[in-house]
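Accompanying notes for the structure given below.
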Amino acid sequence: MTVARSRHETPSGLTTKRRDMRRRAHTISTVLAATALVLAACGGDDETGADPGAGDGDGEQSEEPIVVGSTLSLTGDFGPTAIIHRIVGEQFVEQLNENGGLLGRQVEWQVLDDESDSAQVTPLYERLINQEQVDLILGPYATPNIIPAVAVAERAGYAIPHHTAIHAPLLGYECQFPGWSMDPEPDVFTSELLFEMLSTLPDPPETIALVTNESGSTLPMTEGFAEQGGGGGMLGIAPDYGLEVVAELAYPPGNQDWGSIATQLRDADADVVINNGVAVDPVGIIEAMAQLNYQPPMLFSLFPAPGPLLEMGPPAEGTLSVSLFEPNKALIDQYGEEVSGIVQEYRQRAEAEGLPYTAFETQAAASWNTWEILTGAVEGAGTVDQEEVCNYLAENGVDTTFNGHLEFDSESNNFWETNVGLKQIQDGEWVMVWPEDRAAAEVAPPRN
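Written as structure tokens, this is what we have:
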């Protein structure tokens, strides 16, 4: 695939003020139906003939749709989680168009498959911006993919809301806007969230084993961020809570050999096994431990695909993870009818797709937030001009359904105060258990 160089290359030596971004309001001359989702392969034909004067927000209506471009991991290791973001995006865009679209225009979402390969992300986003000439962009799924997408957006002067990159120290571009935040210091926040909960148990644990995927999404949660000068991450913070690290193991992304890891975990016999992993990593670990007739008293997994763990049944019972939202009745009642409707429709769509787990949960809520950040900015700015969209969010923030009003402060890399808590598998369902004011149930104690 031939990739054109960005026509919006930002010169070096800019001041710390917001970069001088060119107005971007192109629409594609050859489009599908206004409400269609375009699932394009990397080798697809390029679309040309953009009208640089369309959609400048001057009050004139256009019959052309506003085109939002992004990649998603429709295939590959990230696929089991990325499909959640595809379903949410389709649901959001359809609902948006049924209610008049954006700025009186319908919205079309053009998606390219990055195949869970971060090396493909840069050329695909360059294609979306320079060849497809989309009006707006969203980030892909997963931190290793989002970081290069943000770099492309910065060079091109595009605002880029994104779903799931929570590593604030790695994302300094002023026009990137996260739909999921775990505090400006996520390694510290997550460690303290988990360890504080563990300290409240009737018989608090004394030892932990750390098992870490070496990807950019997860390794800093164990080791901390170099950008923060060290001292963070679970390794650095565990001693503050009286926790001894009795095993520290690591594995490469896409690992399939869990036997030796399971053996070392069994031999370490920690009170809590902490898997800073992604997708189906914890499934492989639990299966390998089960083959040794070993089950730790407690297990935490950072970013698992929610469905595969539930499919395991009793071996995964009691597993903990982080959560932005769970569709437990107690939480839905707090939000009201709008959220109930979103949750129900998502479940229907997920069932139609044949997903093993059809609940609208953390990944879905982060995705919904991201679409609301993008569309709220366009509506608020009254234009798809990139500089104005970025400035609107920086100056006004945006209202979201699941996290209320979000404010974006460049001093914290736009990562907002979070309400992330902990969920646990109880009786075959994910249930919010911490903090207490958002909990739908108490934390189930460790196995004997």
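Positions in the sequence shown are counted from 1; adding 560 to them yields the working numbering. Every residue gets a Cβ at the ideal spot worked out from N, C-alpha and C, and that includes glycine.
**Report entry** With 16 other Cβ atoms within 10 Å as the buried cut-off, status of S820
**Finding:** Within the sequence shown, the letter at position 260 stands for residue 820. By the 10 Å Cβ count, S820 comes out exposed.
Query - Buried versus exposed call for P799 [16 or more other C-beta atoms within 10 Å across all chains shown] - result: For the purposes of this step, residue 799 is taken as the residue at position 239 of the sequence shown. Label assigned to P799: exposed.
Query raised in the report: So which of S775, G901 and V1003 has the shortest CA-CA distance to F962?
Result: Numbered from its first residue, the sequence shown carries residue 962 at position 402. When only C-alpha atoms are compared, the closest one is G901.
Report task. Kindly list the residues whose CB is nearer than 8 Å to the CB of N979, restricted to its own chain and excluding five residues on each side of it in sequence; keep chain order. Result -> If you number the sequence shown from 1, residue 979 lands on position 419. The residues are L884, N963 and R998.
Requested in this report: Between the Cα of Q984 and those of I647, T922, I706 and L779, spot the shortest distance and give me the residue it belongs to.
Outcome: Walking along the sequence shown from the start, residue 984 turns up at place 424. Closest option to Q984, Cα to Cα, is T922.
Query - Cα-Cα separation, G873 to W990 - result: Taking the sequence shown and counting its residues from 1, one reaches residue 873 at position 313. Taking the sequence shown and counting its residues from 1, one reaches residue 990 at position 430. Straight-line Cα distance between these residues: approximately 12 Å.
Query raised in the report: So, do the stretch 738–745 and the stretch 660–677 have three or more beta carbon pairs nearer to each other than 8 Å?
Result: no
Requested in this report: Could you tell me which of A941, I933, M992 and N951 sits nearest to F652, measuring between CA atoms?
Outcome: Here the question's residue 652 lines up with position 92 in the sequence shown. Nearest of A941, I933, M992 and N951 to F652, Cα basis: I933.
Query raised in the report: Is the stretch 797–811 in contact with the stretch 715–731, if contact means three or more CB pairs nearer than 8 Å?
Result: no
Query raised in the report: When the Cβ atoms of the stretch 944–960 are set against those of the stretch 907–920, are three or more pairs found closer than 8 Å?
Result: no
**Report entry** Sequence-distant residues of its chain with Cβ nearer than 6 Å to Y733 (five each side left out)
**Finding:** One-based indexing of the sequence shown puts residue 733 at position 173. Cβ within range, chain order: V710 and E714.
Query raised in the report: Could you give the distance in angstroms between the alpha-carbon of E977 and the alpha-carbon of T930?
Result: The residue labelled residue 977 in the question sits at position 417 within the sequence shown. The residue labelled residue 930 in the question sits at position 370 within the sequence shown. In a straight line, the C-alpha of E977 is about 16 Å away from that of T930.
**Report entry** Inter-residue Cα distance where the pair is D893 and P887
**Finding:** Within the sequence shown, numbered from 1, the residue matching residue 893 stands at position 333. Within the sequence shown, numbered from 1, the residue matching residue 887 stands at position 327. Near 10 Å, if we compare the C-alpha coordinates of P887 and D893.
Report task. Could you give the DSSP three-state label for Y685: helix, strand or coil? Result -> For the purposes of this step, residue 685 is identified with residue 125 of the sequence shown, where counting begins at 1. Three-state DSSP puts Y685 in a helix.
Query raised in the report: Can you tell me whether E871 is buried or exposed, with buried defined as 16 or more other CB within 10 angstroms of its CB?
Result: The residue given as residue 871 occupies position 311 in the sequence shown. Exposed, since its Cβ has fewer than 16 Cβ neighbours within 10 Å.
Query raised in the report: Going along the chain, which residues of its own chain have a beta-carbon closer than 6 Å to the beta-carbon of Q816, five neighbours each way excluded?
Result: Taking the sequence shown and counting its residues from 1, one reaches residue 816 at position 256. Contacts found: none.
Query - Reference V882, options N836, P875, L915 and A876, closest by Cα - result: Here residue 882 refers to the residue found at position 322 when the sequence shown is read from its first residue. The candidate whose alpha carbon is nearest that of V882 is N836.
Query - Residue range of the alpha helix (DSSP H) that includes I643 - result: Numbered from 1 along the sequence shown, position 83 holds the residue referred to as residue 643. Note, I643: alpha helix (DSSP H), G639 to E658.
Requested in this report: Quick one: using the 10 Å Cβ neighbour count with 16 as the cut-off for buried, is G878 buried or exposed?
Outcome: Counted from its first residue, the sequence shown places residue 878 at position 318. Label assigned to G878: buried.
Query raised in the report: By the 10 Å Cβ neighbour count, where 16 or more other Cβ atoms means buried, how is R646 classified, buried or exposed?
Result: Reading the sequence shown from its first residue, position 86 is the one you call residue 646. So R646 ends up on the buried side.
Query - Proximal residues to G793 (C-beta, below 7 Å), its chain only, five neighbours per side dropped - result: For the purposes of this step, residue 793 is taken as residue 233 along the sequence shown, with counting starting at 1. Taken in chain order, the residues that qualify are D747, S751, P780, M781, T782, E783 and G784.
**Report entry** Neighbour-count burial assignment, M858, 16 or more Cβ in a 10 Å radius
**Finding:** As a first step, residue 858 must be located in the sequence shown, where it is residue number 298. That one is buried.
Query raised in the report: With 16 as the cutoff for other CB atoms within 10 Å, does L753 come out buried or exposed?
Result: As a first step, residue 753 is located in the sequence shown; it is residue number 193 there, counting from the start. Flag for L753 reads buried.
Query raised in the report: To which residues of the same chain is A1001 closer than 7 Å at the C-beta, ignoring the five residues directly before and after it?
Result: By 1-based counting over the sequence shown, the position of residue 1001 is 441. Hits under 7 Å: Q986, V991 and V993.
Query raised in the report: How would you write the range of the beta strand (DSSP E) that A999 sits in, first residue to last?
Result: Here residue 999 is taken as the residue at index 439 of the sequence shown, counted from 1. Here A999 belongs to no beta strand (DSSP E), and DSSP marks it neither H nor E.
Report task. Below 6 Å CB to CB, which residues in the same chain sit around I689 once its five sequence neighbours on both sides are set aside? Result -> For the purposes of this step, residue 689 is taken as residue 129 along the sequence shown, with counting starting at 1. If we look at I689 and ignore the five residues flanking it on each side, its Cβ neighbours are A716.
Report task. Following the continuous beta strand (DSSP E) through D747, name the residue where it begins and the one where it ends. Result -> Your numbering for residue 747 matches position 187 in the sequence shown. It is not in any beta strand (DSSP E) - D747 instead sits in the alpha helix (DSSP H) that spans P746 to S759.
Query raised in the report: Going by beta carbon distance, what residues of the same chain come within less than 6 Å of G936, once the five residues before and after it are set aside?
Result: As a working mapping, residue 936 is identified with position 376 in the sequence shown. Same-chain partners within the cutoff: V958.
Requested in this report: Give every residue of the same chain whose Cβ lies closer than 7 Å to the Cβ of A830, excluding the five residues on either side of it in the sequence, and list them in chain order.
Outcome: Here residue 830 refers to the residue found at position 270 of the sequence shown. Here the set comprises T767, I768, A769, V806, A807 and P856.
Report task. Reducing DSSP to helix, strand and coil, say where I726 ends up. Result -> Within the sequence shown, residue 726 is the residue found at index 166, counting from 1. Residue state, collapsed to three classes: coil.
**Report entry** Whether P864 touches V840 by CB criterion (9 Å)
**Finding:** Within the sequence shown, residue 864 is the residue found at index 304, counting from 1. Within the sequence shown, residue 840 is the residue found at index 280, counting from 1. Yes, they are a contact pair.
Report task. In angstroms with no decimal places, state the Cα-to-Cα distance between Y701 and L809. Result -> Sequence index remark: in the sequence shown, residue 701 carries index 141 (1-based). Sequence index remark: in the sequence shown, residue 809 carries index 249 (1-based). Cα to Cα, Y701 sits roughly 26 Å from L809.
Report task. Under 6 Å Cβ to Cβ from Y718, same chain only, skipping five residues before and after it: list those, please. Result -> What you label residue 718 is simply residue 158 of the sequence shown in a count that begins at 1. Closer than 6 Å at the Cβ level, and outside the excluded window around Y718, lie I697 and Q946.
Report task. Could you round the C-beta distance between T635 and S676 to whole angstroms and report it? I think they count as a contact, below 8 Å. Result -> Position 75 of the sequence shown holds residue 635. Position 116 of the sequence shown holds residue 676. Rounded, the Cβ-Cβ distance is 7 Å, consistent with contact.
Report task. Look at the alpha carbon of S1009 and the alpha carbon of E913, and state the distance between them as a whole number of angstroms. Result -> As displayed, the chain neither begins before 561 nor continues past 1008, which places residue 1009 out of reach and without an answer.
Report task. Go through its chain and collect everything with a Cβ distance to V743's Cβ below 6 Å, but skip five positions before and after it. Result -> On the sequence shown, residue 743 is found 183 positions in, with the first residue counted as 1. At residue 743 the sequence reads Asp, which differs from the Val that was named. Counting only Cβ-Cβ distances below 6 Å, and skipping sequence neighbours, we find F749 and T978.
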